[in-house]
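For reference, the structure discussed in these notes is given below.
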Amino acid sequence: MINRIAAPEIKTIEHINTGYPHSDSNIFRLNSEEGVFKLDIVFPNAGYSLIENKFAGIYAMELLFSGTAEKTAQTIADEIDILGGFVFKGCDYYTSSVTIYGLSENIKPLVKIVKDCIDYCSYPLDEVNILKNKKKSELNINLNKTNYLANRQINQQIFGSKHPYSIPLDLQIIEELNPLILLNYLEKKVNNPYFIFTGSESVDIEDILQELGFEKSIFTEQKTPDLEPKTEDLDTLTLKPGSTQNSIRLGKKLPSKKHPDFFKITLLNLILGGYFGSRLMKNIREEKGLTYGIHSSISPFRSFSIFKISSECNNKLTEQVKEEILLEISKLKIELIEFEELTVAKNYLLGAVSRNFDGGFNISDRFKTFLEIDNNYNYYTEFFRSISEITAEEIRECANNYLDTKTLMYCVAGEM
């Protein structure tokens, strides 16, 4: 009989089986007997970092189901609904992709609908105009939000104003959008896909894809180099008159996931502001009540990563919040972290990473990112081993090496 009074023994997670598939071709599969499937169709040449006008890619993928010569957007949406499917499409930094969810029995007609849209989308002018009006409205709303303004500013400070990641949307870009621009992107960039199928072993995904006109080929590792960020010394204040809430951002470039210190940097970020029990949250939110929320994060790219700290606060408390952030960074650089705090952070991080591999669909999400950035099948074996072995001294050394407050970019959106 289970003893409900005694807490269960806490066991440290020592390793994880990612379940990542291997394939010599451009078709990867993850077997999952859940009665439903997920198919990622990924276009490695179509990321917005690879094109001159990134919004052409973003909006071309958003309007991919806007209509063909034979079908309207409504007809396409109705056909997908009748089959019980859901389709997500998007243009990201490295790739563009279409993700199809549905019942295994309906996979072929669903994939055919998507293939027809990829091959024959005509971007009807009325649908483009609807999107343009929608984006104008969204932009006008966002320009009144301090968090949007702060995010835009810190990206331009870290990456530079000409970097594809930080180029902001404006009304002129929306006005210049037209079907020809979108068709040009679709025809030149949305090609040579690879596929990640998650579903029943009984589904012959290779035959289905080839029957519908997709080509099976040798998978080629993506090696497009990153455009390095070029830090710019821009205004630290984006004025939003009348705002009672200010948005604070700090950030800088850090090494990539391939750097030997990246695991330490990941744990350091978690301790500083990466979860609810972090130092920034405990000090600035819980103890001093200066903000509803504050966090730090790391966004990995192929050849670098970006560290950011984000918070919103009353405009009268802006300088105090900034001082407290810098104080917590300073403490990490001077004092050794206590054993209990370090152990809790390690266990949280290992548990959070493990949850990313709970179920086939989650694994396929991670595998898609793996193909774009990591390409190291031993990454998580090394991750679990390294995190478990990191010492308090290494955390302090890492803070001194990578959290130099003089190199942190800083901006505020609101009213001072």
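So the sequence shown is residues 35 to 450, counted in the numbering used here. The beta carbon of each residue, even a glycine, is placed where N, CA and C say it ideally should be. Note that the structure is a prediction, hence the values are computed from the model and not measured.
The Cβ atoms of P334 and I407 lie closer than 7 Å to each other. Y382 carries a helical assignment under DSSP once its states are collapsed to helix, strand and coil. Per the coordinates, the alpha-carbon of H56 lies some 7 Å from the alpha-carbon of F62. Taking every protein chain shown into account, the CB of T352 has 16 or more other CB atoms within 10 angstroms, so this residue is buried. For E210, the secondary structure class from DSSP, reduced to helix, strand or coil, is helix.
For D399, the secondary structure class from DSSP, reduced to helix, strand or coil, is helix.
DSSP places D260 in no alpha helix (DSSP H); its state is neither H nor E. For V446, the three-state secondary structure derived from DSSP is strand. Here E235 is near N65, since their CB atoms are less than 7 Å apart. Its chain contains N176 as the residues whose beta carbon lies nearer than 6 Å to that of Y182, once the 5 sequence neighbours on both sides are disregarded; these appear in chain order. With fewer than 16 neighbouring CB atoms inside 10 Å of its own CB, P275 falls in the exposed class. Assigned with DSSP and collapsed to three states, E346 falls in strand. Secondary structure note for R186: it is in no beta strand (DSSP E), and the uninterrupted alpha helix (DSSP H) holding it is 180-193.
Assignment of beta-bridge partners to Y93 by DSSP yields no partner. DSSP, read as helix, strand or coil, puts S130 in strand.
A straight line joining the alpha-carbon of I371 with that of S331 spans about 20 Å. In the structure shown, P143 adopts helical secondary structure according to DSSP, grouped into three states. Just so you know, the alpha carbons of Q354 and N348 end up roughly 10 Å apart.
A direct Cα-to-Cα measurement between N226 and E249 gives close to 8 Å. For I424, the three-state secondary structure derived from DSSP is coil. A Cβ-Cβ distance of about 7 Å is found for the pair R319 and G327, placing them in contact under the 8 Å criterion. For K149, the closest C-alpha among the options K123, E362, S171 is that of K123.
Here L383 really is in contact with L304; their C-beta atoms are around 5 Å apart, less than 8 Å.
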